[in-house]
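Chains as they are written, first to last, in our numbering: chain A, 12 to 286; chain B, 12 to 286.
Cβ coordinates follow ideal geometry from the N, Cα and C atoms, glycine included.
Just so you know, these numbers come straight off a predicted model, no measurement behind them.
This report refers to the structure that appears directly beneath it.
2 protein chains.
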Amino acid sequence: MRIITTVAEARALPHARPRVLVPTMGALHKAHGELIRVAREWGGADGEVAVSIFVNPLQFEPGSDYEQYPRVEKTDGEFCQKAGIDLLFRPTPGEMYASDRSVFVDESSLSNTLEGKSRPGHFRGVCTVVAKLFNILAPDAALFGEKDFQQLTVVRRMVRDLNFNIEIVAVPTVREEDGLACSSRNQYLNSEERKQATVLHRALLAVANAGKKSARDVIALAREVIGEAPLAVIDYVELIDAETLQPVEIVTPNSVLALAVFFGKTRLIDNIRLG
Amino acid sequence: MRIITTVAEARALPHARPRVLVPTMGALHKAHGELIRVAREWGGADGEVAVSIFVNPLQFEPGSDYEQYPRVEKTDGEFCQKAGIDLLFRPTPGEMYASDRSVFVDESSLSNTLEGKSRPGHFRGVCTVVAKLFNILAPDAALFGEKDFQQLTVVRRMVRDLNFNIEIVAVPTVREEDGLACSSRNQYLNSEERKQATVLHRALLAVANAGKKSARDVIALAREVIGEAPLAVIDYVELIDAETLQPVEIVTPNSVLALAVFFGKTRLIDNIRLG
Chain A
12 MRIITTVAEA RALPHARPRV LVPTMGALHK AHGELIRVAR EWGGADGEVA
62 VSIFVNPLQF EPGSDYEQYP RVEKTDGEFC QKAGIDLLFR PTPGEMYASD
112 RSVFVDESSL SNTLEGKSRP GHFRGVCTVV AKLFNILAPD AALFGEKDFQ
162 QLTVVRRMVR DLNFNIEIVA VPTVREEDGL ACSSRNQYLN SEERKQATVL
212 HRALLAVANA GKKSARDVIA LAREVIGEAP LAVIDYVELI DAETLQPVEI
262 VTPNSVLALA VFFGKTRLID NIRLG
Chain B
12 MRIITTVAEA RALPHARPRV LVPTMGALHK AHGELIRVAR EWGGADGEVA
62 VSIFVNPLQF EPGSDYEQYP RVEKTDGEFC QKAGIDLLFR PTPGEMYASD
112 RSVFVDESSL SNTLEGKSRP GHFRGVCTVV AKLFNILAPD AALFGEKDFQ
162 QLTVVRRMVR DLNFNIEIVA VPTVREEDGL ACSSRNQYLN SEERKQATVL
212 HRALLAVANA GKKSARDVIA LAREVIGEAP LAVIDYVELI DAETLQPVEI
262 VTPNSVLALA VFFGKTRLID NIRLG
């Protein structure tokens, strides 16, 4: 495994093999392991799996957990080594952003709902850093988890609209044994919060199994199940179209139920495809 | 010379040689010829010179000359053939922009003065289309004329901030024999306007030769000379720093005098480095 920290080092790398990028913010866990596994599969025998670790200040809205976000360089390095990746790109904020930076990539439609609504500036940060990573590492494919469904959709739109010659591969959400979607933020939860957080997946499954058709009924049922966890504070529960991310009234084969819920200070997201 | 019109064709091109891009909006004239000459020089014996012709709707602010902008496919094709380019990329608006496009590249500092101030949305359009052309054609270098000094500076900033692995080459302004900067828009001028438009270069030279130091004196002198042309209507005359494009009070070796002046409905720009 080769570790690089600068754009200049990335430029100097030989690039004859298909390169597959797994962009992360570190604090790696088993969902990242799954992304790496799929990346290896995508690249084939000749493929080169690259992981980037960068806690991107630009995608943390003011007042959020940028300072607190877990940074565990040593264990992340060991994780990558064990996972058998080829390249680890671990830049500093100063390497990524000039103090007088002034160019950003903006998405103006898909970003207006869900996370984009709750976290102003978040997707500008995501699009800008992903565009930078694409230009720095020039991958042939990049993998994103379906847990961050809106992020996946926004990145796909960016690739289409800016003509990046990169295939975006979606990887199904990886869950703990009790159903909680894996997330670096799960470690913020205390033991009671952690126990109650399983309600999110239960709510999604309850909706998927109930077969209700109207957004009102679907959302009411999800809220009812989530309400069984006394510590849960709902940010949003929305039924949306998977392409436009706009709210829909009726469940179709293209509908996604997406939610964001606080447990204490920790905000968790999850989603499921319905219909 | 190979002519392509789609992104898919561009992707399918072999790309083993250094590729140099000259992005244009067509209506090619001798300044484009000079850009192509410098591109050939930059690429060397093995280089591949690509010209794109695309009248980019996104960079025309509402009410400007998008519909009227000259489109002369046949003579442009002959021009490129004669100039000995290797690749002509000539997409349609529909090929470049999906009807539900929603991702844009924005520059938020350098764009606030001069052209950006007079033409809201212009540099969003420029940055977005240039980013797209960069991703579609993957050039090793791209050439921009110094007449569009702010555009050159904004594109350089975009390359820096988004980490495009592309060298931006500036080509000095090419002028007609009487000093008027070559521009596709010069053909809009009637013969009296065309005669009077030479005042722009005379004003720039007068300032350069006078050796004045304060912005106030420099701008006053330029306005005085331009005022000798009865048809000239000044949009702006500004003394700016070449890096930040912000107005400066005193001429330094890094100062640029930039101007935009209407003759009838035709808006012309020009600039000169001072100090």
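Cβ-Cβ distances below 6 Å link B:Y199 to T277 in the same chain, with the five nearest sequence neighbours on each side left out; the list follows chain order. The beta carbon of B:I64 does not come within 8 Å of any beta carbon belonging to chain A, so the residue lies off that interface. If only uninterrupted beta strand (DSSP E) runs of at least 3 residues are considered, those enclosed by the segment 154-210 of chain B are 178-182. Legend: CB atoms of the segment 95-126 of chain A lying less than 9 Å from CB atoms of chain B belong to residues M107, Y108, A109, D111, R112, S113, V114, F115, V116, D117, E118, S119, S120, L121 and S122.
Taking 8 Å as the cut-off, the Cβ atoms of A:I15 and A:V60 do not count as close. Interface with chain B (8 Å Cβ-Cβ cutoff): A:F175 is included. With a 10 Å radius around the Cβ and a threshold of 16 neighbouring Cβ atoms, A:Q257 comes out exposed. Boundaries of the beta strand (DSSP E) around A:F100: L98 to F100. The beta-carbon of A:D252 is placed no less than 8 Å from the nearest beta-carbon of chain B.
Restricting attention to B:L268, B:N265 and B:V141, the CA atom closest to the CA of B:R168 is found in B:V141. The C-beta of B:G275 has fewer than 16 other C-beta atoms within 10 Å across all chains shown, which makes the residue exposed. Secondary structure of A:N146 (DSSP, three-state): helix. Under DSSP, B:F115 shares a beta bridge with A:D117. Residue pairing by DSSP places A:A243 opposite A:F274 in a beta bridge.
The residue from A:R284, A:I147, A:D252 and A:F90 with its alpha-carbon nearest to that of A:L46 is A:F90. Between A:D172 and chain B, the shortest Cβ-Cβ separation is below 8 Å. Taking the beta carbon of A:V18 as reference, the chain B residues within 8 Å of it are N174, listed in sequence order. Against chain A, a Cβ distance below 9 Å from B:M12 picks out nothing, because the smallest value is about 23 Å. Near chain B, meaning a CB-to-CB distance below 8 Å, no residue of the segment 46-80 of chain A qualifies. In this structure B:I237 touches B:L211 by the C-beta definition: roughly 7 Å separates them, less than 8 Å. Segment contact: the segment 126-137 of chain A against the segment 172-186 of chain A, fewer than three CB-CB distances shorter than 8 Å; contact not assigned. In the three-state reduction of the DSSP assignment, B:N282 falls in the strand class. DSSP lists B:T35 as the beta-bridge partner residues of B:I64. For the pair A:V66 and A:M36, the CB atoms are nearer than the 8 Å cut-off. Our two residues, B:I245 and A:L250, have alpha carbons roughly 54 Å apart in a direct line. Counting only Cβ-Cβ distances below 8 Å, A:N146 has contacts in chain B at L173, N174, F175 and N176, in chain order. Under the criterion of beta carbons closer than 8 Å, B:K158 and B:I283 do not qualify as touching, at roughly 11 Å. Contacts with chain B at 8 Å (Cβ-Cβ) include A:R22.
Chain A places no beta carbon closer than 8 Å to that of B:M36, leaving this residue out of the contacts.
Taking a 10 Å sphere around the C-beta of B:G156, we find 16 or more other C-beta atoms and assign the residue as buried.
Under the criterion of beta carbons closer than 8 Å, B:Q207 and B:A233 do not qualify as touching, at roughly 15 Å. By the Cβ rule, the segment 39-57 of chain A counts as touching the segment 188-205 of chain A, because three or more pairs are nearer than 8 Å. Going by beta carbons, A:I261 and A:S225 fall inside the 8 Å limit. Under the three-state reduction of DSSP, B:R30 is assigned to strand. Nearest neighbour of A:V114 by Cα position, chosen from B:T86, B:G55, B:R22 and B:V165, turns out to be B:V165. Using beta-carbon distances, A:A152 does not count as an interface residue toward chain B, since no partner is under 8 Å.
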